Every structure is written in structure tokens, then in C-alpha cells.
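For the record, in the sequence shown the residue sitting at position 3 is 3 according to my numbering, with numbers rising by one throughout. Here's the structure, in C-alpha cells; my notes come after.
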Amino acid sequence: MLDSFNREINYLRISVTDRCNLRCNYCMPTEGIKQLPHEDILSYEDIVEVVNIAVRLGIDKVRITGGEPLVRKGIVDLMKMIAEIDGIKDLGMTTNGLLLDKFAQPLADAGLHRVNISLDTMDAKKYKLLTRGGDINKVFSGIKVARKAGLDPIKINCVVVNSSQEKDASEVRKFCMKNGIQIRFIHQMNLASGEFSVVEGGEGGNCSRCSRLRLTADGKIRPCLFSDLEFDIRMLGIENAFMKAVELKPRSGSYNRSGKFYNIGG
Ligand code: SAM
Ligand code: SF4
Numbered sequence: 001m002l003d004s005f006n007r008e009i010n011y012l013r014i015s016v017t018d019r020c021n022l023r024c025n026y027c028m029p030t031e032g033i034k035q036l037p038h039e040d041i042l043s044y045e046d047i048v049e050v051v052n053i054a055v056r057l058g059i060d061k062v063r064i065t066g067g068e069p070l071v072r073k074g075i076v077d078l079m080k081m082i083a084e085i086d087g088i089k090d091l092g093m094t095t096n097g098l099l100l101d102k103f104a105q106p107l108a109d110a111g112l113h114r115v116n117i118s119l120d121t122m123d124a125k126k127y128k129l130l131t132r133g134g135d136i137n138k139v140f141s142g143i144k145v146a147r148k149a150g151l152d153p154i155k156i157n158c159v160v161v162n163s164s165q166e167k168d169a170s171e172v173r174k175f176c177m178k179n180g181i182q183i184r185f186i187h188q189m190n191l192a193s194g195e196f197s198v199v200e201g202g203e204g205g206n207c208s209r210c211s212r213l214r215l216t217a218d219g220k221i222r223p224c225l226f227s228d229l230e231f232d233i234r235m236l237g238i239e240n241a242f243m244k245a246v247e248l249k250p251r252s253g254s255y256n257r258s259g260k261f262y263n264i265g266g
């Protein structure tokens with residue numbers, strides 16, 4: 001699909017849940033979140049139908065994200081259903097890694113190609129603080145199992161406050177170099193005020209080359225993370241929602257006051 005600025009749109013990021021087993025301080029408010037009602041969340045059959053139509057329209061790259069995708073029950077079954085769709089060249093997942101030790105092998109068997117794992121520090125205490133309770137050792141064992149399972153390449157998403165040279169980021173970089181893992185530095189963003197920048201080592205944040213659409217857990221197609229525009233597949237029909245999202249995809253991001261990373265999918 002070509003949008004009105006001649007960008008090829010071939011990448012769909014799917015948030016399968018707004019729930020998460022962490023509470024990262026830059027992602028979730030301290031007081032917790034108001035979760036989507038269960039009945040609003042797309043079923044796996046719904047998601048597969050969306051992906052089928054998306055692929056027919058020209059999507060060939062799919063990423064499963066959230067919230068935390070591994071907390072949604074039956075995620076391996078969904079992966080298998082998506083992997084079986086003809087025409088997907090690249091099937092990835094973004095996860096905090098906490099449950100990867102359990103899920104990496106079944107996901108790889110189901111057809112997942114690769115994973116991005118979020119890790120902002122190597123310091124166990126800091127990790128616990130930053131994520132409000134996470135155990136960093138679970139992430140390390142998740143990475144190990146993911147490698148064994150052949151998920152390749154493994155990439156680390158490292159959120160930085162000021163620069164990729166800051167101490168925590170440098171330590172995560174060292175760990176990645178030692179273990180042959182790619183790393184991308186994401187500057188901490190603020191959706192509501194429109195603070196965003198290009199992801200170092202990745203593709204995000206570069207509006208002129210953006211190829212993405214997003215599907216929220218409650219069935220909205222969002223053409224841009226930094227925009228309030230969304231098109232409801234239940235109201236408009238799936239194909240029509242895609243066409244509208246592509247047609248009205250903004251030239252560049254501005255701000256987003258109606259969504260959050262955990263419900264749109266970072
Ligand atoms: N729970 C999974 C995880 O953490 O990898 C997937 C969803 S999470 C919303 C996706 C990515 O968004 C993560 O890499 C996370 O670090 C990033 N993210 C969340 N809030 C952010 C913010 N305010 N600025 C920049 N990146 C953010
Ligand atoms: Fe959960 Fe990912 Fe948000 Fe952290 S960044 S709170 S792991 S959704």
C-alpha cells in the first residue's frame with residue numbers, strides 16, 4: 001500500500017493485550033491503568049482475520065506486542081495461526097522477556113522468527129525499581145532460551161533518558177556486544193507532548209521512511225503512534241479501516257493524547 005506521501009506501508013504491529021506483568025515507570029502510571037474490558041479485546045480469530053486482510057493489502061512484516069504479549073493466554077496458538085498465513089516475510093515479537101524462558105521454544109516452533117527484548121539497565125536493583133518489581137535474572141534466562149530456540153536476530157530495546165552514552169545504556173551495550181546481540185536505543189518519549197526522536201540502531205521515529213500501521217488490542221487501526229487518529233475495524237469494517245488509515249496517515253507525528261504505549265504497542 002502506498003500512502004499519500006508515497007511511503008510504502010508494509011508493516012503491521014499488533015498489540016494483543018493492554019495487560020502487563022511489569023509497570024515500567026515511563027510506560028505505566030504509578031496508580032496502575034484502567035484496563036480494557038474483556039469484551040472489547042479482539043479474539044485470536046479476529047486478529048487472524050485482520051492479518052489475512054492486511055497481507056492481502058500488502059503487509060508482509062508483522063510484530064506482536066502489547067502490553068506484554070506473553071501474558072495473554074494462548075499466545076503460542078495465535079503465533080501459529082499468524083505464521084501459517086502465506087505472505088508474511090518477517091514475524092517478530094516485542095517482549096519484556098520475563099516469560100521467555102518458558103515461551104521462546106514453543107513460539108519458535110509455532111513459527112516466530114525473532115524477538116526484541118526490552119532491557120534498560122544491567123543493575124538488578126535498578127531494574128526492579130524501574131519496572132516496579134521485575135526480576136532481571138528472568139530476562140537473562142529468557143535471552144538464553146531465545147538464542148537456543150533459534151530466534152534470530154535477538155535485539156535489545158534499551159530506553160535511554162538523555163543519551164545512549166549514559167551509564168546504564170553503556171553497560172547494556174557491553175552485554176550485547178559480548179553476547180552477539182543487536183541493540184537499539186530508544187529515547188524516552190512522551191506521547192502527549194509529542195516528544196519523540198529517531199531510534200538509534202532501528203527504524204522507528206523516522207517519519208519520512210515510516211512503513212507502519214498499528215492494530216490496538218481493542219480493534220483500532222492507528223496510522224501513527226504520535227497521532228490521535230484511529231479507525232475502528234468493528235465500526236468501519238477491516239478493509240475500510242485499513243484504507244482510511246493509509247489514506248490519512250500523517251506526514252509526520254505530532255502528539256497523541258488518547259493512547260499510551262501499553263495499549264497501542266510501542
Ligand atoms: N511489554 C513489551 C516490552 O516492554 O518490550 C512490549 C510492549 S512495550 C510498550 C514496547 C516498547 O515500548 C518497549 O521496548 C518499551 O521500552 C517501549 N516504551 C514504552 N514506553 C516508552 C516511552 N515512554 N518512551 C520510549 N519507549 C517506550
Ligand atoms: Fe509493560 Fe512493556 Fe510497558 Fe514495561 S514497557 S510496562 S514491560 S508494556
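Each residue gets a CB set at the ideal place from its N, CA and C atoms; glycine is no exception. Model, not experiment: these values are computed from the prediction.
Once the 5 residues before and after residue i are set aside, which same chain residues still bring their CB inside 8 Å of it?
i, result
"Gly111", "Met79, Lys80, Ile82, Ala83, Glu84 and Leu91"
"Ala192", "Tyr255, Asn256 and Arg257"
"Ile181", "Ile143, Pro153, Ile154, Lys155, Ile156 and Phe175"
"Gly194", "Phe226, Gly253, Ser254, Tyr255 and Asn256"
What does the alpha-carbon distance come out to for the pair residue i and residue j?
i, j, result
"Leu236", "Glu247", "14 Å"
"Lys174", "Val159", "15 Å"
"Lys244", "Arg222", "10 Å"
"Lys155", "Ser141", "15 Å"
"Met28", "Tyr262", "7 Å"
"Ile75", "His187", "29 Å"
"Glu203", "Asp40", "31 Å"
"Cys207", "Glu8", "12 Å"
"Val106", "Leu98", "Inspection of the sequence shows that residue 106 is occupied by Pro rather than by Val. The alpha-carbon atoms of Pro106 and Leu98 are separated by roughly 15 Å."
"Arg251", "Val115", "29 Å"
"Ala217", "Lys61", "18 Å"
"Glu166", "Val51", "39 Å"
"Ser163", "Arg72", "33 Å"
"Asp101", "Ala149", "10 Å"
"Thr65", "Asp3", "24 Å"
"Asn25", "Val48", "32 Å"
Kindly list the residues whose CB is nearer than 6 Å to the CB of residue i, restricted to its own chain and excluding five residues on each side of it in sequence; keep chain order.
i, result
"Leu22", "Asn96, Thr131 and Gly134"
"Ala124", "Ile136"
"Glu239", "Ile53"
"Leu57", "Met1 and Phe242"
"Glu230", "Lys220 and Arg222"
"Thr121", "Tyr127 and Asp168"
"Lys138", "Leu98"
"Val198", "Gly205 and Asn206"
Suppose the cutoff is 7 Å on Cβ atoms and the five residues either side in sequence are ignored; what does the same chain contact list for residue i look like?
i, result
"Phe196", "Met189, Gly205, Phe226 and Gly253"
"Val55", "Ile85, Gly87 and Ile88"
"Asp77", "Tyr44"
"Ser211", "Arg7, Glu8, Ile9, Asn10 and Tyr11"
"Arg234", "Gly219"
Contact set, the ligand SF4 heavy atom to C-beta under 7 Å: Cys20, Leu22, Arg23, Cys24, Cys27, Met28, Gly66, Gly67, Glu68, Asn96, Ser118, Thr131, Phe261, Tyr262 and Gly266
Length at least 3, wholly inside the region 116-161: the beta strand (DSSP E) runs in chain order: 154-160
Segment contact, 8 Å Cβ cut-off, at least three pairs: the region 10-21 with the region 30-41: yes
Unbroken stretches of the alpha helix (DSSP H), 4 residues or longer, contained in the region 73-107: Entirely contained in the region 73-107, the alpha helix (DSSP H) runs reaching 4 residues are, in chain order, 75-83.
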